[in-house]
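S.K.: Structure below; questions to follow.
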Amino acid sequence: MFKNVKKEDVVTVLTELGETVNIDMKMGDLKQKLLTNNGYLEDAQFVKDFLISTVENRKTEEENCKQIEENRKQEEENRKQEEENRKQEEKIRREETQRRIEREHELELARIRATRNDENRSPPPSVTSNGDGDISLDKLIKGVEILTIPVPRKTESWNLFFDSLERAYKHKKVPEEFQAEILLKLLDKASNVLVYIKEGDLKDYAKVKALILKEFEPTPQACLENFRKAKRNSGETHIQFVSRLTSTWEYYCKLRKVEYYESLKELIISDKLFQALDNDTASHICLKQGEKWLRPQELAKECDIYFGAKQKSFDEPRNDLRRTFSSEKYVPPHQRREISRRDNGILKRKECFVCGSLLHLARECPDKRKRNEFMPKQNDKNPHKNSNKNRSANQEAVVAKVDSSHLQSESVQNLVTPLKKINIYIHSKEIEAIIDSGTQISIVHSSLIPDLQDQEGSKILLTPAFDGQIEAKICRVSIYYKNSGNNFFNNVDTLIAVTDKLNVPCLITPGIYELLVHSADISHFLMTK
1 MFKNVKKEDV
11 VTVLTELGET
21 VNIDMKMGDL
31 KQKLLTNNGY
41 LEDAQFVKDF
51 LISTVENRKT
61 EEENCKQIEE
71 NRKQEEENRK
81 QEEENRKQEE
91 KIRREETQRR
101 IEREHELELA
111 RIRATRNDEN
121 RSPPPSVTSN
131 GDGDISLDKL
141 IKGVEILTIP
151 VPRKTESWNL
161 FFDSLERAYK
171 HKKVPEEFQA
181 EILLKLLDKA
191 SNVLVYIKEG
201 DLKDYAKVKA
211 LILKEFEPTP
221 QACLENFRKA
231 KRNSGETHIQ
241 FVSRLTSTWE
251 YYCKLRKVEY
261 YESLKELIIS
271 DKLFQALDND
281 TASHICLKQG
291 EKWLRPQELA
301 KECDIYFGAK
311 QKSFDEPRND
321 LRRTFSSEKY
331 VPPHQRREIS
341 RRDNGILKRK
351 ECFVCGSLLH
361 LARECPDKRK
371 RNEFMPKQND
381 KNPHKNSNKN
391 RSANQEAVVA
401 KVDSSHLQSE
411 SVQNLVTPLK
421 KINIYIHSKE
431 IEAIIDSGTQ
441 ISIVHSSLIP
451 DLQDQEGSKI
461 LLTPAFDGQI
471 EAKICRVSIY
481 YKNSGNNFFN
491 NVDTLIAVTD
501 KLNVPCLITP
511 GIYELLVHSA
521 DISHFLMTK
């Protein structure tokens, strides 16, 4: 009987049997106290089975803790390995960047030397001079205009315009002092934005370009949407379309300041997560990130914080920006019926929609006739009967809540049935519960079970019989009921609301009561259906 039994197992069994013990007692004293207990003397086999199950539960918990510890160590090793890989990749990236900078520096030096040699031999072919040696600006403008696309009408095309303009500058070898002036000439009507620039900066091409982009440049999000929605234009070849897509995507990466593969990968993941957000969350993220963009982990953290602040549920992910269409025929809500079926091998329980019982269906419900007695006929148009109808409806609402302390009418009190109470156990604590047919969820007072207040759970709004709403926490607990016939405990794993606004210790639904009392009958009922 005491094989593989530890001291804490015997203490647990003695506590359940009502004995007062502590863990400091010797094992021999605990065994002797168990063997002389009244519960053991009355039903020794039950106590032995209970002790065996306690040992098995303890072993299972120890194995679970061991497995969790192994998983934690494995995750720690994986995290260290990923950190080392990341550092190695960062080191390789820095080396590649350094080599690229050195190559660019060498190319720049070579270009400068070649330019000096060309200047010593002859003047640039695209820059002509008059008799006084002045440069002909008109010819430069005409040559650049031929090689540059027209001033764009759409904001997403400004990057293409400046790319073609700078290629034309490079091809025609336009001196830097004329680049800003040629740009102003090409802008025409768009040059009105330059009223905001200082006079000393009018000859600085970089500052003029920055001002124009600040005025007309699209936001990164708009640029991404343009890339996603891009279509081939009429008369445009596929090669031209691909070139336009490539330029748009490169421009988007430039706005996001993405230069390496890892950054590009994180950008794609962040964009996908942002695309899946609902309207409210997406607007919040846009304000949060501003002109920058959040990495995937940072973006996910901000979304979770926003969901927690707004008390949004994670159970039903939605995307308000999309609509999904089904090929099934539309069924109006009032004609829909929930179909009982097996999902993942779990049988859906059928219940009576009149009283909520799992022992019978609505056509066999004994309360069906009682319910019809309080419902007047639909074709009754007598004003006096209509007033009785309203009064009857109010009476049913009060009786359904079983709130006898607020009942005043004698006619209502005649309809009230005596309260039915049972003793249940939650977290090894005995609680007197009232069976309330008007509740849709079981409720317990928070002072009786303080541990439930510390558990994580969702929120629910409880609507009392006399208006108003009460916020409560939902926790999943196991409710035990001691069967008077064989002294065994029946249990039900269910959701229960916890609040300090309850005037009684506990309320349970009739469905939970029937599961506790008639668990064997329910199992037989479900198997035969």
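Numbering (full-length UniProt numbering), first residue to last: 1 to 529. Glycine included, every Cβ here is placed at the ideal spot set by N, Cα and C.
1. Relative to the alpha-carbon of Ser446, which residue among His427, Cys365, Ala222, Ile52 has its alpha-carbon at the smallest distance?
2. In terms of residue numbering, what span does the alpha helix (DSSP H) encompassing Asn226 cover?
3. From this set, Asp29, Glu262, Leu299, Asn279, which residue's C-alpha is nearest Gln88's C-alpha?
4. Helix or strand or just coil, what does DSSP make of Asp138?
5. Tell me which same chain residues have a C-beta within less than 7 Å of the C-beta of Glu176, skipping the five on either side of it?
6. Find out if the Cβ-Cβ distance for the pair Trp249, Phe274 is shorter than 8 Å.
7. Would you list the one or two residues that DSSP bridges to Cys475?
8. With H, G and I counted as helix, E and B as strand and the rest as coil, what does DSSP make of Asn22?
9. Are the segment 62 to 82 and the segment 36 to 49 touching, with three or more C-beta to C-beta distances below 8 Å?
10. Excluding the 5 residues flanking Pro296 on each side, which residues of the same chain have their C-beta closer than 7 Å to its C-beta?
11. Which class does Ile239 belong to by DSSP, given the choice of helix, strand or coil?
12. With DSSP run on the structure shown, which of helix, strand or coil describes His518?
13. Would Arg86 be called buried (16 or more neighbouring beta carbons within 10 Å of its own) or exposed?
14. Alpha carbon to alpha carbon, what distance is there between Glu432 and Asp49?
15. Cα separation between Glu90 and Arg103?
16. Just tell me which of Ile146, Leu183, Pro220 has its CA closest to the CA of Leu202.
17. Output the boundary residues of the beta strand (DSSP E) element that contains Asn423.
18. Kindly indicate the opening and closing residues of the beta strand (DSSP E) around Ala433.
19. Give every residue of the same chain whose Cβ lies closer than 7 Å to the Cβ of Glu19, excluding the five residues on either side of it in the sequence, and list them in chain order.
20. Starting from Val10, trace the alpha helix (DSSP H) both ways and give me its first and last residue.
21. Note down, in chain order, each residue of its chain lying with its Cβ closer than 7 Å to the Cβ of Ala300, except the 5 sequence neighbours on either side.
22. Thinking Val55 and Val5 are a contact (beta carbons under 8 Å), I'd like their distance in whole angstroms, please.
23. What does DSSP give as the partner residues of His445 in its beta bridges?
24. Which of helix, strand or coil does DSSP assign to Leu277?
25. Please report the residue range of the beta strand (DSSP E) in which Ile305 lies.
26. Any chance the segment 229 to 244 sits against the segment 283 to 297, with 3 or more Cβ pairs inside 8 Å?
27. Can you round the beta-carbon distance between Val208 and Ala168 to whole angstroms, since I take them to be within the 8 Å contact cut?
28. Would you mind stating whether Ser164 and Ile141 have Cβ atoms separated by less than 8 Å?
29. Taking the alpha-carbon positions, what's the Phe525 to Ser478 distance?
30. Apply the 10 Å Cβ neighbour rule to Thr60 and answer buried if 16 or more other Cβ atoms are within range, or exposed otherwise.
31. By a C-beta neighbour count over all protein chains shown, 10 Å radius and 16 as the cutoff for buried, is Pro450 buried or exposed?
32. Please return the same chain residues whose Cβ sits closer than 8 Å to the Cβ of Phe325, not counting the five positions on each side in sequence.
33. According to DSSP, which residues form a beta bridge with Phe489?
34. Suppose you measure from the CA of Pro464 to the CA of Ile470; what does that come to, to the nearest Å?
M.R.: The short version:
1. Position 446 of the sequence shown holds residue 446. Comparing Cα positions, the closest option is His427.
2. Numbered from 1 along the sequence shown, position 226 holds the residue referred to as residue 226. Here the alpha helix (DSSP H) through Asn226 covers 220 to 228.
3. Counting from one through the sequence shown, the residue named residue 88 turns up at place 88. The residue with the shortest Cα to Cα distance from Gln88 is Glu262.
4. Your numbering for residue 138 matches position 138 in the sequence shown. Residue state, collapsed to three classes: helix.
5. Position 176 of the sequence shown, counted from the first residue, corresponds to residue 176. Closer than 7 Å at the Cβ level, and outside the excluded window around Glu176, lie Tyr205.
6. Locating residue 249 in the sequence shown gives position 249, counting from the first residue. Locating residue 274 in the sequence shown gives position 274, counting from the first residue. No, these two residues do not count as a Cβ contact at 8 Å.
7. If you number the sequence shown from 1, residue 475 lands on position 475. The partner list for Cys475 (beta bridge, DSSP) reads Ile496.
8. Along the sequence shown, one-based indexing puts residue 22 at 22. The answer is coil: DSSP assigns Asn22 none of H, G, I, E or B.
9. no
10. Counted from its first residue, the sequence shown places residue 296 at position 296. Answer for Pro296: Glu266, Ile269, Ser270, Leu273, listed in chain order.
11. Reading the sequence shown from its first residue, position 239 is the one you call residue 239. Ile239: helix per DSSP, three-state reduction.
12. Here residue 518 refers to the residue found at position 518 of the sequence shown. It is coil, neither helix nor strand.
13. Residue 86 sits at position 86 when you count from the first residue of the sequence shown. So Arg86 counts as exposed.
14. For the purposes of this step, residue 49 is taken as the residue at position 49 of the sequence shown. For the purposes of this step, residue 432 is taken as the residue at position 432 of the sequence shown. Going by the C-alpha atoms only, they are around 28 Å apart.
15. Position 90 of the sequence shown, counted from the start, is the residue given in the question as residue 90. Position 103 of the sequence shown, counted from the start, is the residue given in the question as residue 103. Each residue's Cα considered, the two are about 20 Å apart.
16. Here residue 202 is taken as the residue at index 202 of the sequence shown, counted from 1. Taking only the C-alpha atoms, the option nearest Leu202 is Leu183.
17. If you number the sequence shown from 1, residue 423 lands on position 423. Note, Asn423: beta strand (DSSP E), 421 to 426.
18. Residue numbering aside, residue 433 sits at position 433 when the sequence shown is read from its first letter. Residues 429 to 435.
19. Stepping through the sequence shown from its first residue, residue 19 is reached at position 19. Around Glu19: Lys33, Asn37.
20. Counting from 1 along the sequence shown, the entry for residue 10 is found at position 10. Where Val10 is concerned, the enclosing alpha helix (DSSP H) stretches over 7 to 16.
21. As a working note, residue 300 is residue 300 in the sequence shown. Counting only Cβ-Cβ distances below 7 Å, and skipping sequence neighbours, we find Leu273.
22. For the purposes of this step, residue 55 is identified with residue 55 of the sequence shown, where counting begins at 1. For the purposes of this step, residue 5 is identified with residue 5 of the sequence shown, where counting begins at 1. Yes, they are in contact, since the Cβ atoms of Val55 and Val5 sit about 6 Å apart, within 8 Å.
23. Position 445 of the sequence shown holds residue 445. Per DSSP, Thr499.
24. Here residue 277 refers to the residue found at position 277 of the sequence shown. Coil at Leu277, not helix or strand.
25. Position 305 of the sequence shown, counted from the first residue, corresponds to residue 305. Here Ile305 belongs to no beta strand (DSSP E); instead the alpha helix (DSSP H) covers 296 to 310.
26. no
27. Here residue 208 refers to the residue found at position 208 when the sequence shown is read from its first residue. Here residue 168 refers to the residue found at position 168 when the sequence shown is read from its first residue. Actually they are not in contact, since the Cβ atoms of Val208 and Ala168 sit about 16 Å apart, beyond 8 Å.
28. In the sequence shown, counting from the first residue as 1, residue 164 sits at position 164. In the sequence shown, counting from the first residue as 1, residue 141 sits at position 141. Taking 8 Å as the Cβ cut-off, Ser164 and Ile141 do not qualify as a contacting pair.
29. If you number the sequence shown from 1, residue 525 lands on position 525. If you number the sequence shown from 1, residue 478 lands on position 478. In this prediction, Phe525 scores a pLDDT of 42, lower than 50, which makes its location untrustworthy; the coordinate-derived value is nonetheless stated afterwards. Taking the straight line from one Cα to the other gives about 22 Å.
30. Position 60 of the sequence shown holds residue 60. Label assigned to Thr60: exposed.
31. For the purposes of this step, residue 450 is identified with residue 450 of the sequence shown, where counting begins at 1. Flag for Pro450 reads exposed.
32. Taking the sequence shown and counting its residues from 1, one reaches residue 325 at position 325. The predicted position of Phe325 is uncertain, since its pLDDT is 38 and thus under 50; no value can be drawn from it.
33. Taking the sequence shown and counting its residues from 1, the one referred to as residue 489 is at position 489. BP columns for Phe489 point to Lys482.
34. Walking along the sequence shown from the start, residue 464 turns up at place 464. Walking along the sequence shown from the start, residue 470 turns up at place 470. Whole-angstrom Cα-Cα distance: 8 Å.
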